[in-house]
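Note that the sequence shown covers residues 116 to 375 in our numbering.
We treat Cβ as the ideally placed atom computed from N, Cα and C, and that holds for glycine.
If you're wondering where the values come from, they're calculated on a predicted model, not measured in any experiment.
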Amino acid sequence: MSVFKLLVAICNEVESIIDRFWWSKGAARGFIRKTGKHYANMSRKEGWVFGIARMLKARYFPTTDFLSAQEDSSPSYTWQSILWCQELLLCGLRWRIGDGRLVQIYGDAWIPHRIFMAQTASRVPMDTKVSTLISVSGWWDVPKVYSLFTFMEAETILSIPLVCDNVNRRIWHFTTHGRYTVKSGYWAALEYQNFALSHTSTGTGSSPSQKLWKHLWKMKVPAKIQHFLWRFAQNGIPTKAVLFHSKIAMDATCFCCSTG
């Protein structure tokens, strides 16, 4: 899937088109055709995506990788949207430590914290590698780790298993298997958003909406009730007011009480 930051007006227009497709009355309502031509077009689309990826690399990060790419002086809107995805990836990617020779104690995310939790080893140079924390026996140098980090961070580091093949690789922090999924990316984006909001306002706790969702999904009611309440909170119930706002109904007058 692709992720783009679109204007609110464009998002509303797209939602209106989708709503008209699913909620309007008509013979072709909710009908989707998939033919051989459709799949041929999908293959052609993948070719375009591959070509665009090569073009973006040549334009914005020809000598480095995507995670190290930066916004230049005149970035396109497409590239600005993609950079937001890069920011999300950097929040969720962690190094799985092998020999630690390629991973810096500072700058690289390798301690399995949640989003944007900085390491506090202030007694080591900035370019020190994680390999300096590993003893000749291939395990963590316990006294050194405790001397450089806080107690909680040291406990977390010592709980990290070292890879037997000594290969350092990146994994996705928000899944148990270490691979990125759209679902985990969605929840990571929400967590990142809530984290940013809590650190830019006077409050330090969860946002009201986050507390509402947690309470909703923990309710001991049938799943269909939870789903209905979730749709209701998101204005997803096709009432006259919602249909009018989505440009499907001609007015917002209720059929039952004749009020708008």
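Whole-angstrom distance between G215 and S246, CA atom to CA atom: 4 Å
Stretch pair the stretch 285-303 + the stretch 255-263: three plus CB contacts closer than 8 Å: no
Alpha carbon of W328 to alpha carbon of C279, nearest angstrom: 41 Å
Beta-ladder partner(s) of L248, from DSSP: Answer is none; L248 lacks a bridge partner.
Delimiting residues of the beta strand (DSSP E) encompassing W210: 208-211
Three-state class that DSSP yields for K298 in the structure shown: helix
Beta-bridge partners of I132, as assigned by DSSP: Looking at the DSSP assignment, I132 forms no beta bridge with any residue, so it has no partner.
CB of R211 within 8 Å of CB of N283, strictly: yes
Segment contact flag, the stretch 183-200 with the stretch 216-228, C-beta cutoff 8 Å, min 3 pairs: Taking 8 Å as the limit for Cβ pairs, the verdict is that the stretch 216-228 does not touch the stretch 183-200.
Cβ-based burial, I249 [other Cβ within 10 Å; buried from 16]: Buried: at least 16 other Cβ atoms inside 10 Å.
Span separating the alpha-carbon of E268 from that of Y261: 9 Å
Same chain, Cβ closer than 6 Å to M365, neighbours up to 5 away in sequence not counted: none
Segment limits, beta strand (DSSP E) that includes Q345: As written in the sequence, residue 345 is Trp, which differs from the Gln given in the question. Taken as a continuous stretch (DSSP letters only), W345 belongs to no beta strand (DSSP E), being part of the alpha helix (DSSP H) at 338-348.
Three-state class that DSSP yields for R174 in the structure shown: helix
Contacting residues, own chain, Cβ-Cβ under 8 Å from T178 (five flanking each side not counted): Taking C-beta separations shorter than 8 Å and ignoring five residues to either side along the sequence, T178 has no partners in its chain.
W332 classed as buried or exposed, judged by whether at least 16 other C-beta atoms fall within 10 angstroms: exposed
Reduced DSSP category for Q195 - H, G, I as helix; E, B as strand; rest coil: helix
Buried or exposed (CB count within 10 angstroms, at least 16 for buried), I340: exposed
Neighbour-count burial assignment, F266, 16 or more Cβ in a 10 Å radius: exposed
Sequence-distant residues of the same chain with beta carbon closer than 8 Å to K244, five excluded per side: G215, R216, L217, V218, Q219, I220
First through last residue of the beta strand (DSSP E) which encompasses G286: Residue 286 is actually Ile in this sequence, not Gly. Per DSSP, I286 belongs to the beta strand (DSSP E) from 284-287.
Under the three-state DSSP convention, the category W332 falls into: In this structure, W332 counts as helix in the three-state DSSP scheme.
Proximity winner among A338, I226, V251, relative to F264 (alpha-carbon distances): Of A338, I226, V251, the residue nearest in Cα terms is I226.
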